[in-house]
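The block underneath contains the structure these notes are about, expressed in structure tokens.
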Amino acid sequence: MPIQPIRLFGDPVLRAKAQPVTDFDKELRRLVEDLTDTMLEAPGAGLAAPQIGVGLRVFTWYVDGEAGHLVNPDLTLSDQIQDGDEGCLSLPGLKYDCRRALSVVARGFNMFGDPVQIEGSELLARAIQHETDHLDGVLFIDRLDDAARKAAMREIRESEWFGLDKPTVKVSPHATRGFAL
Ligand SMILES: [Zn+2]
Numbered sequence: 000m001p002i003q004p005i006r007l008f009g010d011p012v013l014r015a016k017a018q019p020v021t022d023f024d025k026e027l028r029r030l031v032e033d034l035t036d037t038m039l040e041a042p043g044a045g046l047a048a049p050q051i052g053v054g055l056r057v058f059t060w061y062v063d064g065e066a067g068h069l070v071n072p073d074l075t076l077s078d079q080i081q082d083g084d085e086g087c088l089s090l091p092g093l094k095y096d097c098r099r100a101l102s103v104v105a106r107g108f109n110m111f112g113d114p115v116q117i118e119g120s121e122l123l124a125r126a127i128q129h130e131t132d133h134l135d136g137v138l139f140i141d142r143l144d145d146a147a148r149k150a151a152m153r154e155i156r157e158s159e160w161f162g163l164d165k166p167t168v169k170v171s172p173h174a175t176r177g178f179a180l
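Residue numbers (numbering that gives the first Met the number 0): 0 to 180.
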């Protein structure tokens, strides 16, 4: 199935608030499939729809050998916290210690519109928080303390991928049946 280009820091789609899914249709199922395939190919532990240029509240994860997805997530975070390295497919090469809730209960829907509840801790909880942030236009570097965020911004400016011409955005990745235009 089609692997999509991953949008990089600097692309405005990563800063836009994604819209709730209202149609649990074939197009949504294709989006989940594209997200899953693109995430596994990267490889990454999670991928949110805005990262492939789609402004909908959908993300996937791949943690401990299990892939999953969630639509229109609503999170309840634990008071306990975890520290640890975090990275992002939209910020290639960057890794910074990022504080997150240790565990999370995520309510939402699967791609068929059935209500689901996902409970996760440690890496799964980190992935779910990171991906839900993407749906609100928030990146993990926003959650770092001032010194770390400045170091991250410096690293971004010096990275070879930053400032390259962005690929043209198509409204639907499927409209041309996979032919590049
Ligand atoms: Zn990310």
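Glycine included, every Cβ here is placed at the ideal spot set by N, Cα and C.
Practice problem: Closer than 6 Å by C-beta to Arg106: which residues in its own chain qualify, once you throw out the five before and the five after it? Chain order, please. | Solution: Around Arg106: Asp73 and Gln116.
Quiz item: So is Leu93 buried or exposed if we call it buried at 16+ other beta carbons inside 10 Å?
Solution: Classification of Leu93: buried, given that the 10 Å Cβ count is 16 or more.
Quiz prompt | Backbone CA spacing between Leu30 and Ala48 [nearest angstrom] | solution = Going by the C-alpha atoms only, they are around 8 Å apart.
Self-check item: Chain-ordered list of residues that sit, by beta carbon, closer than 6 Å to a heavy atom of ligand 1
Solution: Ordered along the chain, the selected set is Cys87, Leu88, Ser89, His129 and His133.
Self-check item: Buried or exposed (CB count within 10 angstroms, at least 16 for buried), Glu157
Solution: That one is exposed.
Quiz prompt | Closer than 7 Å: Arg28 CB and nearest ligand 3 heavy atom | solution = Looking for ligand 3 in the displayed structure turns up nothing; the ligands present are ligand 1.
Practice problem: May I ask you to report which of helix, strand or coil DSSP gives Gln3? | Solution: Correct three-state label for Gln3: coil.
Self-check item: Any alpha helix (DSSP H) of 4 or more consecutive residues that is wholly inside the stretch 13 to 42
Solution: Segments of the alpha helix (DSSP H) lying fully in the stretch 13 to 42: 25 to 40.
Quiz item: Around the C-beta of Asp113, are 16 or more other C-beta atoms found within 10 angstroms, so that it is buried, or is it exposed?
Solution: Answer is exposed; the Cβ neighbour count stays below 16.
Quiz prompt | Asp33 and Pro1 closer than 8 Å at C-beta | solution = A distance below 8 Å separates the beta carbons of Asp33 and Pro1.
Exercise. List in chain order: all unbroken beta strand (DSSP E) runs of 3+ residues lying wholly within the stretch 92 to 166.
Key: Listed in chain order, the complete beta strand (DSSP E) runs (minimum 3 residues) inside the stretch 92 to 166 are 102 to 108 and 114 to 120.
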